[in-house]
Amino acid sequence: MAGVFDNPVFPYFAFYATVVVLKTMAMTLVIAFHRLTKRVYINPEDASGLGAPKPTTHESVERVRRCHMNDLENVIPFVLIGLLYTATGPSLGSALLHFRIFTGARFFHTIAYLLPLPQPSRVLGFLAGLLATVSMAWSILSATKY
Amino acid sequence: MAGVFDNPVFPYFAFYATVVVLKTMAMTLVIAFHRLTKRVYINPEDASGLGAPKPTTHESVERVRRCHMNDLENVIPFVLIGLLYTATGPSLGSALLHFRIFTGARFFHTIAYLLPLPQPSRVLGFLAGLLATVSMAWSILSATKY
Amino acid sequence: MAGVFDNPVFPYFAFYATVVVLKTMAMTLVIAFHRLTKRVYINPEDASGLGAPKPTTHESVERVRRCHMNDLENVIPFVLIGLLYTATGPSLGSALLHFRIFTGARFFHTIAYLLPLPQPSRVLGFLAGLLATVSMAWSILSATKY
Numbered sequence: 298m299a300g301v302f303d304n305p306v307f308p309y310f311a312f313y314a315t316v317v318v319l320k321t322m323a324m325t326l327v328i329a330f331h332r333l334t335k336r337v338y339i340n341p342e343d344a345s346g347l348g349a350p351k352p353t354t355h356e357s358v359e360r361v362r363r364c365h366m367n368d369l370e371n372v373i374p375f376v377l378i379g380l381l382y383t384a385t386g387p388s389l390g391s392a393l394l395h396f397r398i399f400t401g402a403r404f405f406h407t408i409a410y411l412l413p414l415p416q417p418s419r420v421l422g423f424l425a426g427l428l429a430t431v432s433m434a435w436s437i438l439s440a441t442k443y
Numbered sequence: 298m299a300g301v302f303d304n305p306v307f308p309y310f311a312f313y314a315t316v317v318v319l320k321t322m323a324m325t326l327v328i329a330f331h332r333l334t335k336r337v338y339i340n341p342e343d344a345s346g347l348g349a350p351k352p353t354t355h356e357s358v359e360r361v362r363r364c365h366m367n368d369l370e371n372v373i374p375f376v377l378i379g380l381l382y383t384a385t386g387p388s389l390g391s392a393l394l395h396f397r398i399f400t401g402a403r404f405f406h407t408i409a410y411l412l413p414l415p416q417p418s419r420v421l422g423f424l425a426g427l428l429a430t431v432s433m434a435w436s437i438l439s440a441t442k443y
Numbered sequence: 298m299a300g301v302f303d304n305p306v307f308p309y310f311a312f313y314a315t316v317v318v319l320k321t322m323a324m325t326l327v328i329a330f331h332r333l334t335k336r337v338y339i340n341p342e343d344a345s346g347l348g349a350p351k352p353t354t355h356e357s358v359e360r361v362r363r364c365h366m367n368d369l370e371n372v373i374p375f376v377l378i379g380l381l382y383t384a385t386g387p388s389l390g391s392a393l394l395h396f397r398i399f400t401g402a403r404f405f406h407t408i409a410y411l412l413p414l415p416q417p418s419r420v421l422g423f424l425a426g427l428l429a430t431v432s433m434a435w436s437i438l439s440a441t442k443y
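Protein chains in written order, with the working numbering: chain A, 298 to 443; chain B, 298 to 443; chain C, 298 to 443.
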């Protein structure tokens with residue numbers, strides 16, 4: 298990793314990977330906002346002193362949690378696969394195409410989930426991100442040994 | 298990462314890591330298949346137009362979701378630990394043993410979860426994968442600084 | 298990754314990343330302990346032969362599961378961001394500060410969740426870890442290209 302920045306693709310990968318991980322982490326703050334404003338807490342000790350009743354659920358909170366979970370299921374595989382893909386030495390143009398499609402698809406997916414937009418908006422955002430990751434995985438498999 | 302393929306273990310790690318991440322991602326497609334065939338949707342907007350009732354659950358869907366969650370909990374730690382382990386320069390034979398046991402154990406775990414096979418099949422698959430990851434973690438801890 | 302140990306920060310990153318991933322994985326064993334002692338199983342086949350009734354839930358199990366889930370949501374982003382941050386060549390002092398604050402914060406978070414300690418203990422542990430990761434992410438974004 299000493300010469301990691303010698304790989305011309307790496308600085309771009311590091312940028313997009315960081316952006317999508319930050320986007321995923323931001324979901325926890327959106328969940329906290331809904332929990333506080335709707336006063337729905339997940340643990341008994343969270344509610345005490347706030348005059349809130351015992352732990353319950355609220356559709357606004359559950360929706361953001363599902364969106365967050367979907368991010369974890371897709372963004373983390375993207376970062377892992379993207380790192381291995383970067384290490385195989387792809388062309389910069391091809392790599393940027395993958396990183397940008399994935400990043401755009403996940404931001405669109407989040408918007409489609411949280412508004413929500415009518416289907417198939419969310420499904421298309423999900424599939425575009427999945428295809429970008431699978432395409433990189435395919436490149437890795439054809440460049441590696443088993 | 299310029300010379301990442303100079304590490305003789307890395308191309309093998311990249312292969313097995315990609316395989317287990319793809320296997321994990323494939324669970325989302327199995328979940329989608331069950332959701333569509335059993336008509337159990339997770340969001341109100343997913344059901345509209347399909348004549349389905351409001352969101353509900355189905356044991357077939359929940360089982361694959363639990364299997365998917367268990368993959369996320371085990372496969373992602375394997376890839377992270379495996380990458381750091383590869384960087385410590387293990388022998389190829391030892392590394393391959395870890396990667397292959399983990400990969401085999403997770404495929405067996407998935408089969409045991411989805412059929413399902415009687416216990417302790419699934420627990421043994423889970424433990425074999427866990428031990429492979431912990432063994433690599435141990436190698437890292439004894440080669441690093443704090 | 299041939300010369301990955303030439304980066305003076307890397308051996309330290311590998312240590313702390315491995316410690317927090319192992320801590321996260323240890324949660325699965327705590328969950329299993331509670332499942333066995335409280336006899337609350339997640340699948341029908343787990344209960345058969347043990348004379349246990351059909352799958353149910355128990356607050357002790359659910360609490361550790363929430364703690365485990367919170368680890369996955371925070372520890373994995375830390376390892377991914379931390380790896381990219383290490384690759385940008387930070388000073389050793391600054392890097393160690395980030396790694397140690399995060400690791401300490403997550404151990405404190407786990408203790409605060411499982412005892413449980415009164416709030417805002419758990420929230421402060423969560424926020425300290427989040428800030429360490431966001432601070433590293435900020436360093437990456439200012440060192441990379443898009």
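From the three backbone atoms N, C-alpha and C, an ideal C-beta is built for every residue, glycine too.
Report the CB separation of residue i from residue j in whole angstroms; it is logged as a contact under 8 angstroms.
i: T441(B); j: Y309(C); result: 7 angstroms
i: P415(A); j: E356(B); result: With 8 angstroms as the limit, P415(A) and E356(B) do not qualify as a contact, their Cβ atoms being about 29 angstroms apart.
i: A402(B); j: G426(B); result: 4 angstroms
i: L377(A); j: T321(A); result: Not a contact, Cβ separation roughly 13 angstroms.
i: L319(B); j: A434(A); result: 5 angstroms
State yes or no: is the C-beta of residue i within less than 7 angstroms of the C-beta of residue j?
i: V361(B); j: V327(B); result: yes
i: L389(B); j: V306(B); result: yes
i: Y313(C); j: C364(C); result: no
i: I437(A); j: I373(C); result: no
i: F399(A); j: F375(A); result: yes
I want to verify the contact list: residues of chain A whose CB lies under 8 angstroms from the CB of residue i, in sequence order.
i: P308(B); result: A440, T441, K442
i: L427(C); result: M322, T325
i: L369(C); result: L369
Looking only at C-alpha atoms, which of the options sits nearest to residue i?
i: T334(C); options: T354(C), A392(C), T315(C); result: T354(C)
i: N340(A); options: P417(C), A429(C), M433(C); result: P417(C)
i: M366(C); options: M324(C), L428(C), T430(C), A392(C); result: M324(C)
i: R397(C); options: T407(B), Y443(B), F423(B), R332(B); result: Y443(B)
i: R419(A); options: R336(B), A344(B), D303(B); result: A344(B)
i: S391(C); options: S432(C), F423(C), L424(C); result: S432(C)
i: N277(A); options: A429(C), T385(C), L428(C), L421(C); result: It is not possible to answer for residue 277(A), since the shown part of chain A is limited to 298 through 443.
i: L424(C); options: P387(C), N371(C), P413(C); result: N371(C)
i: A429(C); options: F330(C), A329(C), L393(C), I408(C); result: L393(C)
i: P387(C); options: S439(C), P352(C), L421(C), G422(C); result: S439(C)
Please compile the residues from chain C whose C-beta is within a distance smaller than 9 angstroms of the C-beta of residue i.
i: L445(A); result: Residue 445(A) cannot be examined here, being either before or after the span of chain A that is shown, 298 to 443.
List the residues of chain C whose Cβ lies closer than 7 angstroms to the Cβ of residue i, in chain order.
i: F312(A); result: L438, T441, K442, Y443
i: A392(B); result: The premise fails here: A392(B) is roughly 13 angstroms from chain C at the closest Cβ pair, so nothing lies under 7 angstroms.
i: P387(B); result: The contacting residues do not exist; P387(B) stays about 12 angstroms from chain C at best.
i: T363(B); result: Going by the sequence as given, residue 363(B) is Arg instead of Thr. Neighbours of R363(B) on chain C, chain order: I339.
Determine the chain B residues that contact residue i at a beta-carbon separation under 9 angstroms, and present them in chain order.
i: I398(A); result: Here the premise fails: no neighbours, minimum Cβ distance about 16 angstroms.
Residues of chain B with CB under 7 angstroms from residue i, in chain order?
i: I378(A); result: T315, V318
Residues of the region 429-443 of chain A whose Cβ lies closer than 8 angstroms to any Cβ of chain B, in chain order | Within the region 429-443 of chain A, T430, V431, A434, I437, L438, A440, T441, K442, Y443 place their CB atoms closer than 8 angstroms to a CB of chain B, listed in sequence order.
Between the region 318-352 of chain A and chain C, which residues of the former have a C-beta closer than 8 angstroms to a C-beta of the latter?
-> Correct list: V318, L319, T321, M322, T325, I339, N340, E342, D343, S345, G346.
Near-chain A residues of the region 400-417 of chain C (beta-carbon distance less than 7 angstroms), N- to C-terminal order = P413, P415, Q416: these are the residues of the region 400-417 of chain C whose beta carbon lies less than 7 angstroms from some beta carbon of chain A, given in chain order.
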